[in-house]
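Numbering (our numbering), first residue to last: 135 to 505.
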Amino acid sequence: MGAREGMNIDKKMIICSPGVNEHTMLHMVRHPDRSIYINAHKLGLVRSTDEGESWTQIPLNFPDAPPNQDPGGFGITRDGRLWVVHQPLQGGETDMFVSCSADDGRSWKTRQVAFGHLSPGGADDPYVTAGVNRCYVNFLERSDGTLMFSCSLRYADWMDYTQKDQSRPGIRDVMIRSTDGGKTWGDPTVVHQHATETQYAVDPADPDHILAASRKQRQLLSGEDQATVERLTGCEPGAGYPYKGGLLLESADGARSFHEVPDSYLGYYSHRAAILWTGNNVVLVTHQNEEGALLARISLDGGKTWLDDTTNGTPSISNAKGFVMTDDHSFPAPTVELSVDHFLTVCVSQGNVEGFFWHIERDGDDIGLNQ
135 MGAREGMNID
145 KKMIICSPGV
155 NEHTMLHMVR
165 HPDRSIYINA
175 HKLGLVRSTD
185 EGESWTQIPL
195 NFPDAPPNQD
205 PGGFGITRDG
215 RLWVVHQPLQ
225 GGETDMFVSC
235 SADDGRSWKT
245 RQVAFGHLSP
255 GGADDPYVTA
265 GVNRCYVNFL
275 ERSDGTLMFS
285 CSLRYADWMD
295 YTQKDQSRPG
305 IRDVMIRSTD
315 GGKTWGDPTV
325 VHQHATETQY
335 AVDPADPDHI
345 LAASRKQRQL
355 LSGEDQATVE
365 RLTGCEPGAG
375 YPYKGGLLLE
385 SADGARSFHE
395 VPDSYLGYYS
405 HRAAILWTGN
415 NVVLVTHQNE
425 EGALLARISL
435 DGGKTWLDDT
445 TNGTPSISNA
455 KGFVMTDDHS
465 FPAPTVELSV
475 DHFLTVCVSQ
485 GNVEGFFWHI
495 ERDGDDIGLN
505 Q
């Protein structure tokens, strides 16, 4: 296989206009009825029933929750129910709520989720904050109906990266689960101590095999040399967070545990990543770069190799070609598959939610993004 130089888009469109770029952490999810939902935060949800050609706004209203909620997490389960994780936009990190709608967003039932006791020390040494508002929280549903999502759960001393107990610092992405339809949440496992804002993609051939696009971010740890870490990460000299970039994680046990995919750190300020794994084994990762451009990295064989400018590709996503979709965007750019090798990717740019319709062209040995 090979990669054709350059990249073009079939078409793009403005879907809706929040009016600001700030922390509009888009989610885009297929409903079982084949409609497409976008969580556009300040504008609520928008829905398309014609493969993204037109969109209808659905305001978000959680009457059982405090006012001014930020919907940092969104998902749809196989039974068609919509799920939102949210908390107050200002000063709400000590509270977390999960709301569910069984009528396409017309009404919502809200439950508060207690999370402090989910730490290893329980109520005697609790997590004190949850990162939901202005963050990127994603759901995952298992074949047995277990519903889960991960978010940043932090100790009070999470920013002390040089403390003696190195299990405590970090933004700590923690997966929590519900086996009773969202009535109760628990069974926590740590996805990554120093990563969060994670989206999950399940192997179509093995439901226990999961790839995840996440955001690794941390300060220097005790004993680390700053110059060495700066060379490894490519960050600017003296950066407070020398690690602040996109990363691939992998699980072979149905999300009970994850490890970093070797050579998958995408570089300084490459975070805000999103991932899709299709039925024909295409894996797509979108992320920003340090200049704010939106890049797409593509695998045609389930992440074993990634497209670059060579015939055989590269086993390392960090060495893959970053196809530039737009040079000006903010925050995650999720993708849905429209048909085989045809996709819709959405992002926020210039205060608008924009949709990019594009496809992979397979023409002999030339494989790339093309008109």
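From the three backbone atoms N, C-alpha and C, an ideal C-beta is built for every residue, glycine too.
Classify residue i: buried if its beta carbon has 16 or more other beta carbons within 10 angstroms, exposed otherwise.
i: V474; result: exposed
i: I148; result: exposed
i: A339; result: exposed
i: D237; result: exposed
i: A361; result: exposed
i: A553; result: The question about residue 553 has no answer, for the chain in this structure spans 135 to 505.
i: N446; result: exposed
i: K378; result: buried
i: N423; result: buried
i: G489; result: buried
i: P506; result: No answer is possible for residue 506: the residues shown for the chain start at 135 and end at 505.
i: E331; result: buried
i: P371; result: exposed
i: T578; result: The structure shown does not extend to residue 578, since the chain is modelled only from 135 to 505, so the question has no answer here.
i: Q300; result: exposed
i: Q484; result: exposed
Near residue i, what residues of its chain come up, given a Cβ to Cβ distance below 8 Å and the 5 sequence neighbours on each side ignored?
i: Q297; result: D291, P303 and S356
i: V482; result: P152, N155, T158, L160, H463, S464, F465 and E488
Beta-carbon within less than 6 Å of residue i's beta-carbon, same chain only, minus the 5 sequence neighbours each way: which residues are those?
i: K176; result: P152
i: P193; result: G178
i: E139; result: Because the pLDDT of E139 is 35, which lies under 50, any placement of that residue in the model is unreliable, and the number read from its coordinates should be weighed accordingly. Here the set comprises nothing.
i: T183; result: S169
i: T313; result: T280
i: T412; result: E471
i: S233; result: F196, V218, W242 and T244
i: D198; result: T244
i: W319; result: V247, I310 and S312
i: C511; result: As shown, the chain starts at 135 and ends at 505. That puts residue 511 outside it, with no answer to give.
For residue i, tell me which candidate among the options has the shortest Cα-Cα distance.
i: F273; options: V480, D238, L429 and G207; result: G207
i: P449; options: K438, D237 and H463; result: K438
i: N486; options: L160, N142 and K145; result: L160
i: C269; options: Q224, D184, S182 and E384; result: Q224
i: E425; options: E394, H251 and S464; result: S464
i: G374; options: K455, D294, L441 and V336; result: D294
i: D462; options: T469, G489 and L428; result: L428
i: H493; options: V470, S169 and L400; result: V470
i: D167; options: E187, T158 and D213; result: D213
i: E187; options: Q484, V416, F477 and S483; result: F477
i: H421; options: E358, Q203 and M459; result: M459
Could you pull out every residue in the same chain whose Cβ sits closer than 7 Å to the Cβ of residue i, ignoring the five residues on either side in sequence?
i: S241; result: S235
i: D397; result: S450 and S452
i: H251; result: A257 and P260
i: N414; result: V474
i: Q505; result: With a pLDDT of only 42 at Q505, under the threshold of 50, the placement of this residue in the model should not be trusted, and no figure is reported.
i: T190; result: V180 and R181
i: V163; result: Y171, F208, G209 and I210
i: D442; result: A137, T448, N453, A454 and K455
i: L366; result: none
If you measure between the beta carbons of residue i and residue j, is that distance less than 9 Å?
i: L287; j: G316; result: no
i: R352; j: R406; result: no
i: A264; j: T323; result: no
i: D307; j: D342; result: no
i: G380; j: V419; result: yes
i: A329; j: A408; result: no
i: A347; j: S385; result: no
i: L410; j: E185; result: no
i: R215; j: A389; result: no
i: R496; j: F457; result: no
i: G226; j: P200; result: yes
i: Q221; j: N267; result: yes
i: F231; j: T211; result: no
i: L383; j: V325; result: yes
i: F392; j: K146; result: no
i: F196; j: V219; result: no
i: F249; j: I310; result: yes
i: P376; j: E394; result: no
i: L434; j: V416; result: yes
Give the DSSP bridge partners of residue i, in chain order.
i: R352; result: Y377
i: D307; result: S286 and H326
i: I432; result: L418
i: N486; result: S483
i: I192; result: L179
Using 8 Å as the cut-off, classify the Cβ of residue i as near or not near the heavy atoms of the ligand HEM, replying yes or no.
i: D258; result: For the structure depicted, the ligand HEM is absent and the ligand set is empty, with no information on it obtainable.
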